[in-house]
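In the order they appear, the protein sequences are chains A and B.
Counting in this note's numbering, the first sequence runs from 23 upward without gaps.
Counting in this note's numbering, the second sequence runs from 2 upward without gaps.
Backbone N, C-alpha and C define an ideal beta-carbon position, used for all residues, glycine too.
Since this is a predicted model, take the numbers as computed values, not measurements.
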Amino acid sequence: RKEVEQDPGPFNVPEGATVAFNCTYSNSASQSFFWYRQDCRKEPKLLMSVYSSGNEDGRFTAQLNRASQYISLLIRDSKLSDSATYLCVVKNAGGGNKLTFGTGTQLKVEL
Amino acid sequence: GAVVSQHPSWVICKSGTSVKIECRSLDFQATTMFWYRQFPKQSLMLMATSNEGSKATYEQGVEKDKFLINHASLTLSTLTVTSAHPEDSSFYICSARVTGTAKNIQYFGAGTRLSVL
């Protein structure tokens, strides 16, 4: 089983739609959680950290369910510019600040 | 946000040659940098953790003699792919953690696309 699992997609949605991605992680000792965005042939960029209480940043809402070991990302009012691959990233307990990446979920927002 | 510069962005080389990739933190000091590799449609896989002034820590399955890492200063880490072969063709990305932050945020370089002929 992969440490971090995501549905690869692609998710094709019309502009203005609401779309949600889920991610599950296998290590119950995982400490920190993030969503990164990666455009084609580019480096990943931090979208937002994910906190236990849930957090929102504009059109983006992230939630964490530690009991079920899953993380979600909700995008409201999708824009064409939201088209990218969204990576679920987990930092496990222990030193080194090593991040474990999911394979990513591809989103395509269409007119 | 913090800026990490990675160079070159694209390199094509013949099989058997060595390729050096540089990763620089431009506006902050990074005691720790990370080197990742990403094959098409796959996730980023950590290759090694580079610590300033000491030997790098390699992940299981990564050959340290093939992927030489040097982190001689707080702003520069280099990855040298020695005797590159076509199977080494991949997207190599470095990242740096901002020293002293509790947020565990890593900033990524723009990546180096390596094609070995």
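Using three-state DSSP, classify residue i as helix, strand or coil.
i                     : result
residue 37 (chain A)  : coil
residue 104 (chain A) : helix
residue 89 (chain B)  : helix
residue 170 (chain A) : This structure cannot settle anything about residue 170 (chain A), because the visible part of chain A is limited to 23 through 133.
residue 39 (chain B)  : strand
residue 67 (chain B)  : coil
residue 9 (chain B)   : coil
residue 4 (chain B)   : coil
residue 79 (chain B)  : strand
Give a yes or no on whether the C-beta atoms belonging to residue i and residue j are separated by under 8 Å.
i                     : j                     : result
residue 64 (chain A)  : residue 105 (chain A) : no
residue 37 (chain B)  : residue 47 (chain B)  : yes
residue 37 (chain A)  : residue 133 (chain A) : yes
residue 121 (chain A) : residue 107 (chain B) : yes
Would a check of beta-carbon distances place residue i closer than 8 Å to chain A?
i                     : result
residue 50 (chain B)  : yes
residue 44 (chain B)  : yes
residue 109 (chain B) : yes
residue 106 (chain B) : yes
residue 17 (chain B)  : no
residue 70 (chain B)  : no
residue 22 (chain B)  : no
residue 94 (chain B)  : yes
List the residues of chain B that residue i touches, going by C-beta distances under 8 Å, in chain order.
i                     : result
residue 120 (chain A) : 35, 47, 50
residue 125 (chain A) : 42, 43, 44
Under 8 Å between C-beta atoms, does residue i make it to chain B?
i                    : result
residue 66 (chain A) : yes
Which chain A residues are close to residue i, counting only those with a beta carbon under 7 Å from its beta carbon?
i                    : result
residue 61 (chain B) : The premise fails here: residue 61 (chain B) is roughly 12 Å from chain A at the closest Cβ pair, so nothing lies under 7 Å.
Mind pulling the chain A residues with CB within less than 9 Å of residue i?
i                    : result
residue 54 (chain B) : Neighbours of residue 54 (chain B) on chain A: none; closest Cβ ~16 Å, over 9 Å.
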